[in-house]
Every structure is written in structure tokens, then in C-alpha cells.
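Below is one structure, written out as C-alpha cells; comments come after it.
There are 2 protein chains.
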Amino acid sequence: MNETTETLTIGVLAEAAGVNVETIRFYQRKGLMQEPDRPQGGIRRYGDADLARVHFIKSAQRLGFSLDEVADLLKLEDGSHCTEAREQAERKLADVRARLADLQRIEGALQGLVERCCAASGQVQCPLIAALQAA
Amino acid sequence: MNETTETLTIGVLAEAAGVNVETIRFYQRKGLMQEPDRPQGGIRRYGDADLARVHFIKSAQRLGFSLDEVADLLKLEDGSHCTEAREQAERKLADVRARLADLQRIEGALQGLVERCCAASGQVQCPLIAALQAA
DNA sequence: CTTGACTCTGTACTTAAGTACGGAAGTAAG
DNA sequence: CTTACTTCCGTACTTAAGTACAGAGTCAAG
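As they're listed, the protein sequences go chains C and R. First residue of the first sequence: 3, per the numbering used here; consecutive thereafter. First residue of the second sequence: 3, per the numbering used here; consecutive thereafter.
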């Protein structure tokens, strides 16, 4: 019962996954997906597992994982490495929180600049430019 | 009184600005800084204005501006385009806020995954992996 | 006057995540 | 059977922000 029907061409698979055909090939070259056998010089066929794999990659990317990190996650795929997977997700979470803190500092600084800018008119120099000059 | 002393070599300038010599040259190629004249095939000298320029670029980068955007800001440098500068900063602020919102969604999703992961032990598959599979 | 450090110039390489292309071969419709 | 579309394969190009390097010239100290 493990034989899911492999009926999709690469073009249909790409379409279904919402990515470019070249992206599929690129993932294959990267080792993120393996290519099905080619029946006597014919055309490769793909199945639901391949579609799920593309979804996995894209979901992980949306959560901020790089393709190299996705490759690490895929090594844990058999389900017996739950702890490692969680640890990696925790590292990524810490990472995301650090980036959040950075962006919040930047937001505050930009907002301050925008408010000061042109509030004081008749100035020799634009406060925004001056602030960047000095910082 | 506009003649600030131009005494720094490119190495000293880079050191003072905390960047690589090659970075200075790269900014010159990009048109973000102009190169001082070369006295009869000699060595170029840099002054405080050049140092301020590097600081400006680096500050703007820290606020999330790309080098192309920095180039745009630099065109407004004479102080008579305060409004344009503010508009650009406002666009960047909106941009930063959008990225903040994205990251916050990601944070929530990752945190949820980490919490569910291994909370349910004895599972066939790791919930984190399964969630990415399905998403 | 030589040595070693620095500068100048141009070109090439780096990373990440793809995208584009050219030519050959397979495949489906009419 | 021909035409048109895909697929396959390998290679090259893209963007951003630099980094690295080779070969030639310059400069200051000893």
C-alpha cells in the first residue's frame, strides 16, 4: 500500500506546488528532493510524496529556515528524532526573536527621525540627514 | 574655512570607520563616495567629510536602507529636500512595520510548534515535521 | 638604497535562492 | 507524420553587499 500513483510530470508538479519547474530541479540538485527513475529514457513521473516534500520546504522557508536548515530537518524526517527537531526549532525561535528585537529598535529610531524631520522647519539641515550623519 | 584637512590614507579612513579598505573602494565604484584627486600619481588623501559619509552610509544601513536607497538619500543631502527625505523614511518605516508583523506571525507559529512538539510523546511522527508537511 | 608596508587598478570570487537558456530528445494532438 | 509543447541536461546569469587577489607603483624608515 506504499505505492502511491506517480503520475505527475515535473511541469504539473511545479504548477501544483506553485513553484517554477527550475525550482524543482534546483531542489534536486541541492539534494532536497530526489529524482524519480527515468523509464528507459522517458519522462520522470512524480507523486504525492514529492508534492508534500515541496510543501514542506516552502513551509519551513516561510518560518525562516534556510534551505541548508531544511536539509537538516529532512534528515530527521523519520519521526524518531523529535528532540533534535524541537531543538532546531527552538534555535530558530530564538533567532526570530532576536531579529524582532532588532527591527523594533529600528522602528523606534525611524519613527523618531520622521517625527523630528520637518517639525523644526527653517533648519539649515534636515534633521533626518543630520542624525544619520552623526550616528 | 571649507578646507578641512585631508590627511587620511584609505587604510586609516577604513580603520577609523570600522570597515574594510575594499568596502571604501566598493562605495566609490557605486558612486556613494567620490574619490579625491590623486596628486601626480601619488596617494589619495581623505578628510573628515569622507569619514562622515561612511558613518552616514552605515547608519542608514542599520536602519534597513539598501545601498541604492542610501544613494537616493544622498541626493537629498543639501538639506533643501527635507520633505522627500521624510517621505522616504516614512516608506521605510512602513516597510519595517510590515516585516515586524511577518516576524511576529512566524514567532507565534514556531512557538506553537515547539510547544506541541514532544508534548505528545509516543506519537508516530513528530508534530513539528507533520505540521510542516501539511501546511 | 633597499626593504616592507601600503596604495592603486582591474578583475574575479563569494553566498543564497533561484532564473534563464540552448540544444537534444520525448510526447501528444491533429 | 508533422507540429508544437514538454522534458532533460548542463551551464551561465541574477541580486546585494561586499571580499580577495595579482601585479605595479609609491612612500617612509633604517
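Backbone N, C-alpha and C define an ideal beta-carbon position, used for all residues, glycine too. Predicted model, so just to flag it, every value in this text is computed and none were measured.
Query: Mark R55/R as exposed unless 16 or more other C-beta atoms lie within 10 angstroms of its C-beta, in which case mark it buried.; Result: buried
Query: Is the CB-CB distance between L75/R and I108/C below 7 Å?; Result: no
Query: What are the boundary residues of the alpha helix (DSSP H) that L69/R is part of?; Result: 69-77
Query: Identify the continuous alpha helix (DSSP H) that holds Y48/R and give its terminal residues.; Result: Element bounds for Y48/R: n/a, residue is neither H nor E.
Query: Taking the alpha helix (DSSP H) that A121/C belongs to, which residues open and close that run?; Result: First-last for A121/C: undefined, no H or E at that position.
Query: Is DSSP giving L10/C helix, strand or coil here?; Result: strand
Query: On the criterion of 16 or more Cβ atoms from any shown chain inside 10 Å, does I12/C qualify as buried, or is it exposed?; Result: buried
Query: Answer with buried or exposed for K32/R, where buried requires no fewer than 16 other C-beta atoms within 10 angstroms of its C-beta.; Result: exposed
Query: Assuming A96/R and V116/C make a contact with CB atoms under 8 Å, what is their CB distance in whole Å?; Result: Not quite, the Cβ-Cβ distance comes to about 10 Å (not below 8 Å), so this is no contact.
Query: Output the distance between the C-alpha atoms of T25/R and L134/C, rounded to the nearest integer angstrom.; Result: 19 Å
Query: Just the chain C side, please: which residues come within less than 7 Å of V116/R by C-beta, in chain order?; Result: R88, A91, E92, L95
Query: Buried or exposed for A100/R, please, with buried defined as at least 16 other CB atoms from any protein chain shown within 10 angstroms of its CB.; Result: exposed
Query: Of the residues L34/C, T9/C, G43/C, H57/C, which one's Cα is nearest the Cα of V21/C?; Result: H57/C
Query: State yes or no: is the C-beta of A18/C within less than 7 Å of the C-beta of C128/R?; Result: no
Query: Count the other CB atoms, across all protein chains shown, that sit within 10 Å of the CB of A103/R; report buried if there are 16 or more and exposed otherwise.; Result: exposed
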